[in-house]
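Only one structure is covered here, and it is reproduced in the block below.
There are 2 protein chains.
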Amino acid sequence: MSTQRLIVIGGDAAGMSAAAKVRREDPQREIVVFERSPHTSYSACGMPYLIAGLIDSPERLVARSPEKFREKFNIDARTGHEVLELDPSGQRVRVTNLEQGSTTWEPYDQLLIATGAAAISPTLPGSDSEGIFGLSTLASGIQIQQFMDRQLPRRAVVVGGGYIGLEMAEALVRQGLQVSLVEKGEQVMGTLDPDMGALVSDALREVGVTLYLQESLVGYESANGLVTGVVTDQRTLQADLVIVGLGTRPNTALAAASGIPLGEKGSIRVTPRMQTAAVNVWAAGDCAESFHLISRRPFHIALGTVANKQGTVAGINLSGGYATFPGVVGTAVSKICKYEVARTGLTEREIRELGLLYNTATTKSKTRAGYYPGAGWITVKLLAEQGSGRLLGGQIVGLEGAAKRIDVLATALTAGMTVQQLVDLDLSYAPPFSPVWDPVQTAARQLLP
Amino acid sequence: MSTQRLIVIGGDAAGMSAAAKVRREDPQREIVVFERSPHTSYSACGMPYLIAGLIDSPERLVARSPEKFREKFNIDARTGHEVLELDPSGQRVRVTNLEQGSTTWEPYDQLLIATGAAAISPTLPGSDSEGIFGLSTLASGIQIQQFMDRQLPRRAVVVGGGYIGLEMAEALVRQGLQVSLVEKGEQVMGTLDPDMGALVSDALREVGVTLYLQESLVGYESANGLVTGVVTDQRTLQADLVIVGLGTRPNTALAAASGIPLGEKGSIRVTPRMQTAAVNVWAAGDCAESFHLISRRPFHIALGTVANKQGTVAGINLSGGYATFPGVVGTAVSKICKYEVARTGLTEREIRELGLLYNTATTKSKTRAGYYPGAGWITVKLLAEQGSGRLLGGQIVGLEGAAKRIDVLATALTAGMTVQQLVDLDLSYAPPFSPVWDPVQTAARQLLP
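Protein sequences, first through last, are from chains A and B.
Take the working numbering: the last position of the first sequence gets the number 913, and nothing is skipped along the way.
Take the working numbering: the last position of the second sequence gets the number 913, and nothing is skipped along the way.
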């Protein structure tokens with residue numbers, strides 16, 4: 465293997481997890497990474513906290529710099545290099561050095577596509593105005609920070625009430641801006657059921673965010689090239705800064721153009737070992753397809769945890785080992801000031817789409833023993849299959865200590881547990897940590913026959 | 465069923481969970497509860513926090529008073545009544561009204577023994593001095609509080625470094641006392657492996673507790689009937705207050721005297737439905753045996769969670785339903801000031817006793833993303849079977865947010881997961897809650913082949 469050349473396209477979580485794993489397994493292997501941006505291995509998830517001022521410098525979000533990869537791992541990490549074309553039959557990629565403008569064909573023995581995902585940013589009237597930002601790369605996070613330092617915006621509009629929208633709303637509230645949020649759905653957090661999403665909507669209002677629900681983005685107003693307003697189908701909101709958090713889309717144009725088959729939401733179809741349909745071409749991370757362990761269907765989710773896992777699996781296989789990525793249960797967590805939000809498994813809508821029948825229970829309890837200082841509310845919603853009682857999903861909204869309980873549900877889901885088995889679990893209890901029945905068990909008890 | 469008379473001995477977690485369950489299923493059933501103390505359904509686990517001054521009154525620890533049981537649940541809860549004798553063949557118990565001194569035989573159709581456990585308090589020279597306390601009933605907690613109000617002790621010695629010892633040490637430190645702790649083991653927290661126990665010993669020292677490890681209690685010194693010192697096999701420690709936390713022992717003398725077979729550590733042997741060997745006699749809670757799902761052996765543990773679960777199972781069966789208590793994995797959690805401690809499954813010693821071979825990994829990581837404010841250290845130790853990779857146990861010591869992660873391990877253990885399956889789990893990640901790889905997964909990764 466040692467004489468073979470591995471090219472990795474994309475130098476963030478998946479690509480660099482794979483590259484580092486290959487290096488550990490094979491000290492001699494030639495590994496070249498092409499990364500369009502100036503950064504490698506940064507925490508995209510940390511950017512809202514950078515903008516919130518909770519983190520003092522963008523460098524703190526970088527786990528490992530290109531220099532570190534080159535010097536410590538002997539990985540030829542070339543930032544500022546964009547791959548323009550992929551030729552699977554010729555086993556080569558066409559790469560441009562963005563600074564110098566030069567372009568070369570680079571041969572590979574094995575290729576890993578780890579091109580990630582990009583923020584969805586629809587082209588609308590005024591969408592080229594300055595002050596409108598998506599948030600997907602560290603560079604975009606730094607741009608927002610620089611814009612804020614320069615323009616001192618006072619009114620911000622966040623478009624989209626998903627994770628990025630929530631976290632950016634918190635960040636801008638912390639920075640003292642007046643924040644409005646526009647969401648086309650009935651409630652924010654469309655990955656929760658609307659009844660639980662309503663609790664998150666309440667939480668946003670509680671921290672001072674003005675919500676405009678069931679409103680759609682139509683365009684922007686601007687003056688002298690700077691954004692001045694967000695136009696919805698119902699009103700115009702004044703804005704000095706706009707964050708567009710409408711989700712992400714896998715960066716797979718390169719793969720698609722080379723004939724590599726795509727799957728869910730345009731992500732690259734892969735085997736459990738992370739191999740694409742093209743010989744010697746692998747894919748991992750936000751650009752690659754995943755599998756949903758509860759719906760038993762192909763699934764796509766752009767998350768750092770999944771990218772790290774898929775990258776590690778690809779790295780093991782690329783170095784002659786054997787590993788598979790079994791899939792996900794759709795776990796996610798977020799925070800908006802003091803409020804915590806988490807979900808795993810399927811929502812009611814997703815369950816109905818599968819044609820399953822289900823029962824649901826929602827209980828409000830406490831994060832600690834009721835008498836213990838700092839006990840806060842926690843609302844847990846569980847969904848379980850009718851008849852079998854098999855857990856299908858869980859959602860949590862609450863105060864400090866609430867959200868991480870989702871991991872018990874994610875583990876129970878993965879194991880195929882029933883609500884009875886959840887009730888029977890020997891979970892930890894002491895007054896500073898939990899009521900005697902953990903809140904997830906209190907909800908499960910409501911679903912017992 | 466409605467005409468039958470259910471007698472419950474013991475009015476705390478197990479007894480009252482059962483009684484309440486029976487009442488919900490059968491509104492007509494005659495239910496009599498005899499409780500020796502003045503209290504029902506209180507949180508024994510909350511007493512250290514009462515003594516710490518974190519909770520303003522003992523009443524806050526009472527979930528449901530005898531009056532509430534009588535009035536709201538129509539349960540004849542008789543506090544101040546001690547059962548002296550049990551006659552299974554005659555289906556009756558001899559009960560004394562502690563206030564009046566009168567004694568009667570009370571017939572039952574079904575009996576539930578829920579007599580709990582008592583603090584182990586060896587009779588030693590000076591052990592009858594005032595100022596020496598165990599901690600098992602709410603009454604004992606109130607006595608400590610009254611003693612402290614009256615005597616204003618300045619130097620406290622805690623004997624025993626288990627959960628109660630730890631939590632009482634925190635309580636007394638919070639109250640401004642000079643606290644010493646005597647433990648006969650190599651480290652405190654003998655339910656952890658010594659290497660993890662050492663972290664807890666360090667934590668205790670850090671919060672100002674003076675530790676005397678590998679020292680045994682020999683007796684007490686006193687003056688005018690008041691304790692003045694604790695004598696160990698190596699020294700005498702001055703003390704105005706002594707807390708004896710040497711564990712608990714099931715209260716099963718009554719059952720044993722009536723010929724009901726006992727099991728592990730003198731707890732009452734029960735079926736999975738919580739039935740004893742005597743006809744129509746059931747047992748639940750700290751006095752009853754449990755089953756360890758990992759060692760596959762009978763087990764005894766005195767914990768509120770187990771008592772509630774066993775009580776509920778007994779209640780379902782006592783009202784004509786069908787339920788079983790599958791067992792425990794030995795999960796426990798505790799807190800000493802800012803330090804959190806948790807364990808589940810088997811320790812190295814317990815694994816060796818079963819003749820299993822195992823691997824172990826201990827990793828130190830962070831409770832949140834490293835760059836996120838408030839990220840604290842967390843040390844996770846995992847134990848897994850050689851060959852199969854099956855998880856056998858886990859231990860956690862760390863700062864805020866560390867301990868409740870034990871629940872993921874408890875769930876994975878119950879499901880029989882391997883370390884690979886633990887690594888593959890879709891656990892939640894966002895910078896305020898976790899690094900990308902949750903600390904339990906970081907430890908599991910070290911155990912992969």
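Backbone N, C-alpha and C fix where the C-beta goes; we use that ideal spot for every residue, glycine too.
For residue i, three-class secondary structure by DSSP
i        : result
B/Leu551 : Checking the displayed sequence, the identity of residue 551 of chain B turns out to be Asp instead of Leu. Reduced to three states, the DSSP call for B/Asp551 is strand.
B/Ile707 : strand
B/Gly474 : coil
B/Asn561 : strand
B/Ser829 : strand
B/Phe897 : coil
A/Thr875 : helix
A/Glu753 : coil
A/Lys799 : strand
A/Thr811 : coil
B/Pro913 : coil
B/Met465 : At B/Met465, the pLDDT of 47 sits below 50, so the modelled position is not reliable; the number obtained from the coordinates is stated separately. The answer is coil: DSSP assigns B/Met465 none of H, G, I, E or B.
B/Thr769 : helix
Minimum Cβ-Cβ distance from residue i to chain A less than 8 angstroms
i        : result
B/Pro896 : yes
B/Ala766 : no
B/Val888 : Per the sequence shown, residue 888 of chain B should be read as Asp rather than Val. It does: the Cβ of B/Asp888 has a partner Cβ on chain A nearer than 8 angstroms.
B/Tyr786 : no
B/Ala662 : no
B/Lys485 : no
B/Tyr803 : no
B/Ala907 : no
Same chain only: Cβ atoms within 7 angstroms of residue i, ignoring 5 sequence neighbours per side
i        : result
A/Val621 : Ser644, Val646, Val694, Leu701, Ala703, Val706
B/Gly730 : Arg713, Pro714, Thr716
B/Glu728 : Glu753, Pro762, Phe763, His764
Proximity test, Cβ basis, 8 angstroms: residue i and chain B
i         : result
A/Thr795  : yes
A/Asp657  : no
A/Tyr835  : yes
A/Asn1002 : Not covered by the structure: residue 1002 of chain A. The range shown for chain A is 465 to 913.
A/Met465  : Low confidence applies to A/Met465: its pLDDT is 47, below 50, so where it sits in the model is not reliable, and the reading given next is rough at best. For A/Met465, the answer is no, since every Cβ of chain B falls outside 8 angstroms of its Cβ.
A/Thr878  : yes
A/Leu891  : yes
Closest residue to residue i among the options (Cα-Cα distance)
i        : options                                : result
A/Ala867 : A/Arg807, A/Asp613, A/Gly730           : A/Arg807
A/Thr467 : A/Phe537, A/Tyr684, A/Asp573           : A/Asp573
B/Gly858 : B/Leu886, B/Ser852, B/Leu470           : B/Leu886
B/Cys751 : B/Glu650, B/Gly809, B/Ala477           : B/Ala477
B/Ile584 : B/Ser722, B/Lys799, B/Gly711           : B/Gly711
A/Glu535 : A/Gln910, A/Arg487, A/Gln564           : A/Arg487
B/Leu873 : B/Val745, B/Leu810, B/Ser591, B/Pro586 : B/Leu810
B/Ala541 : B/Leu550, B/Arg528, B/Leu548           : B/Arg528
A/Leu889 : B/Ser898, B/Thr735, B/Thr878           : B/Thr878
A/Ala720 : A/Arg699, A/Leu550, A/Ile815           : A/Leu550
B/Leu430 : B/Tyr835, B/Ile860, B/Tyr822           : Any question about residue 430 of chain B goes unanswered here, given that chain B covers just 465 to 913.
A/Ile606 : A/Gly510, A/Pro899, A/Ile732, A/Thr568 : A/Gly510
B/Ser722 : B/Val743, B/Pro522, B/Asn561, B/Pro736 : B/Val743
A/Lys802 : B/Phe897, B/Leu518, B/Ile519           : B/Phe897
B/Ser501 : B/Leu863, B/Thr769, B/Gly580           : B/Gly580
B/Gln555 : B/Ser481, B/Leu630, B/Phe533, B/Val472 : B/Val472
B/Tyr893 : A/Val900, A/Trp841, A/Ile870           : A/Ile870
B/Gly672 : B/Leu656, B/Glu650, B/Gln639           : B/Gln639
Residue i: CB within 7 angstroms of a non-hydrogen atom of the ligand SAM
i        : result
A/Ala581 : Ligands in the displayed structure: none, and consequently the ligand SAM is not present.
Residues near residue i by beta carbon distance below 6 angstroms, same chain, minus five either side
i        : result
A/Leu891 : Asp902
A/Gly865 : Thr831
B/Gly624 : Gly709, Leu710
B/Tyr506 : Leu525, Val526, Leu602
A/Ala907 : Ala825, Thr827, Val844, Leu846
Residues near residue i in its chain [Cβ-Cβ closer than 8 angstroms; skip 5 each side]
i        : result
A/Val682 : Leu588, Pro589, Val695, Thr696, Asp697
What are the residues in the region 496–513 of chain A lying within 8 angstroms of chain B by C-beta distance?
Within the region 496–513 of chain A, the residues whose Cβ lies closer than 8 angstroms to some Cβ of chain B are Ser507, Cys509, Gly510, Tyr513, listed in chain order.
Given a limit of 9 angstroms on CB to CB distance, which residues of the region 557–575 of chain A reach chain B?
Of all residues in the region 557–575 of chain A, none has a C-beta nearer than 9 angstroms to a C-beta of chain B.
Positions along the region 603–633 of chain A whose CB lies within less than 7 angstroms of some CB in chain B:
Answer set for the region 603–633 of chain A: empty.
Chain A contacts from the region 860–872 of chain B (Cβ-Cβ distance under 8 angstroms):
Within the region 860–872 of chain B, the residues whose Cβ lies closer than 8 angstroms to some Cβ of chain A are Gly865, Ala867, Lys868, Arg869, Ile870, Asp871, Val872, listed in chain order.
Given a limit of 7 angstroms on CB to CB distance, which residues of the region 518–531 of chain B reach chain A?
Answer in chain order: Leu518, Ile519, Arg524, Leu525.
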